[in-house]
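Peer 1: Got a structure for you, questions after.
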Amino acid sequence: MSDPGGEATRAPRGRAGVGRNRRDGARLDGGRLNDTRSNSARLNGVPGWMLLAAVLGLAFILVPPLAMALKVDWAHFIPLVTSQASVDALSLSLRTACLSTVLCIVLGVPLAAVLSRARFPGQRVLRALVLLPLVIPPVVGGLALLYAFGRFGLLGPPLRAVGVELSFSTAAVVLAQAFVSLPYLVLSMEGALSSGDVRYETVAATLGSSPAATWWRVTLPLALPGLLSGAVLAFARCLGEFGATLTFAGNLQGVTRTLPLEIYLARESDPDAAAALALLLVAVAVLVVGLAHGPWVRRKAGVR
């Protein structure tokens, strides 16, 4: 004899089992969907052909330095890069690049602040003029500096009257490097200031902070990552400067002959030394960029 109560009891259990199976299947489908979405997120919507083009672009950047590294005479690498001329050139490049970067910061931060925060007629023209060193050949920039600060240039006689000679001196190297590197810092800093949250500055002003105090305590710390990136770009550009330096400062060993100029001279007389010095310059630039984007610097700048 059948038990109606038992059948009634078994029926809900059967429906519950079916429900659990459906939920388990939904979880599996959801997991597959999440995996698919995760893969899509990793690709970030980039088409396959664009990834291939990106690989080709990366190869275009990396293959020439790799070819140069293969060309280096590694058995004589240390003697080549530690000769007196090489050491003088590297030391001069590092010293002048540091001074030029400081000059770029002193001149570029106010320019970036004006371009990003002020509103006045001719602002676009001013921005275009600031970027002018980026679009003109470095040799033209060096010639312009010579006509401006040279012995017989526009400002040459007044400077000479007070005992200042800029052309064909180490100071000329600093000016040439700063001239071609300044736009990099201005662009980076202007972007950081334009994208910053002005609410913090508004709150500081509401609490009675002066514009100068707000700048030093609020605005500048918020824009510090942009300042750091711009300074690194400017420093790297200073290290590699050649045309403007040669035109305005000349090529005197220990005075104006930076590492790029030493590489250019060695290219004709000693190709092995030129390759070794070029690789050394690349290594120094990579080291600087790596240190500037290291974890401790990023934490200090508040970048994750």
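For the sequence shown, the positions run 27 to 330 when the working numbering is used.
Backbone N, C-alpha and C fix where the C-beta goes; we use that ideal spot for every residue, glycine too.
Owing to the predicted nature of the structure, the values given are computational and were not obtained by experimental measurement.
Please give the ranges of any alpha helix (DSSP H) in the stretch 76 to 125, keeping only runs that are unbroken, at least 4 residues long and fully inside the region.
Peer 2: Listed in chain order, they are 103 to 107.
Peer 1: Check E294 in the structure and name its three-state DSSP category.
Peer 2: It is helical.
Peer 1: Please classify A260 as buried or exposed, where buried requires at least 16 neighbouring CB atoms within 10 angstroms.
Peer 2: That one is buried.
Peer 1: Counting only the same chain and skipping the five closest in sequence on each side, list residues whose C-beta sits under 8 Å from that of V314.
Peer 2: V258, F261, A262 and L265, listed in sequence order.
Peer 1: What does the alpha-carbon distance come out to for the pair L137 and V212?
Peer 2: The alpha-carbon atoms of L137 and V212 are separated by roughly 7 Å.
Peer 1: Determine contact between the stretch 165 to 177 and the stretch 199 to 214, defined as no fewer than three beta-carbon pairs at a distance below 8 Å.
Peer 2: Taking 8 Å as the limit for Cβ pairs, the verdict is that the stretch 199 to 214 does touch the stretch 165 to 177.
Peer 1: Tell me where the alpha helix (DSSP H) around V166 begins and ends.
Peer 2: Taken as a continuous stretch (DSSP letters only), the alpha helix (DSSP H) holding V166 covers P164 to F175.
Peer 1: Start and end of the alpha helix (DSSP H) containing E191?
Peer 2: Segment: none, E191 is in no alpha helix (DSSP H) and carries neither H nor E.
Peer 1: Should S64 be labelled buried (16 or more other beta-carbon atoms within 10 Å of its own) or exposed?
Peer 2: Here the model assigns S64 a pLDDT of 48, short of 50, so the residue's position is not dependable, and the following value carries that caveat. Exposed, because fewer than 16 other Cβ atoms sit within 10 Å of the Cβ of S64.
Peer 1: Between L96 and the rest of its own chain, which residues show a CB-CB distance below 6 Å, the 5 nearest in sequence each way excluded?
Peer 2: Within the same chain, L96 has no close Cβ partners at all.
Peer 1: By the three-class DSSP mapping on this structure, what secondary structure does P10 have?
Peer 2: Here the chain has residues from 27 to 330 only, and residue 10 is not among them.
Peer 1: Cα separation between A144 and C130?
Peer 2: In a straight line, the C-alpha of A144 is about 20 Å away from that of C130.
Peer 1: Express the C-alpha separation of P247 and R293 in angstroms, rounding to a whole number.
Peer 2: Spanning the two alpha carbons is a distance of roughly 45 Å.
Peer 1: Can you tell which of L118, D99, A275 and Y210 has the C-alpha that lies nearest to the C-alpha of V156?
Peer 2: The residue with the shortest Cα to Cα distance from V156 is Y210.
Peer 1: Which first and last residues belong to the alpha helix (DSSP H) in which R225 is found?
Peer 2: Element bounds for R225: R225 to T232.
Peer 1: Nearest CA to the CA of R283: which residue from A85, P73, A111 and G83?
Peer 2: Minimum Cα distance to R283 is reached at A111.
Peer 1: Could you check where the alpha helix (DSSP H) with L265 kicks off and where it finishes?
Peer 2: Segment L250 to L265, the alpha helix (DSSP H) holding L265.
Peer 1: Below 8 Å on the Cβ atoms is my guess for L106 versus A299; work out the distance and round it to an integer in Å.
Peer 2: Contact flag correct, Cβ pair sits at about 5 Å.
Peer 1: What does the Cβ neighbour count give for L285, buried or exposed, with the cut at 16 atoms within 10 Å?
Peer 2: The residue in question, L285, is buried, as its Cβ has 16 or more Cβ neighbours within 10 Å.
Peer 1: Could you tell me the boundaries of the alpha helix (DSSP H) in which Q203 lies?
Peer 2: Looking at the DSSP string, the run of the alpha helix (DSSP H) that includes Q203 is T196 to S221.
Peer 1: Quick check: L125 and V200, are their CB atoms within less than 8 Å of each other?
Peer 2: Yes, they are a contact pair.
Peer 1: Identify which residue in L82, E191, A198 and P90 has its Cα closest to the Cα of L118.
Peer 2: It is A198 whose Cα lies nearest to the Cα of L118.
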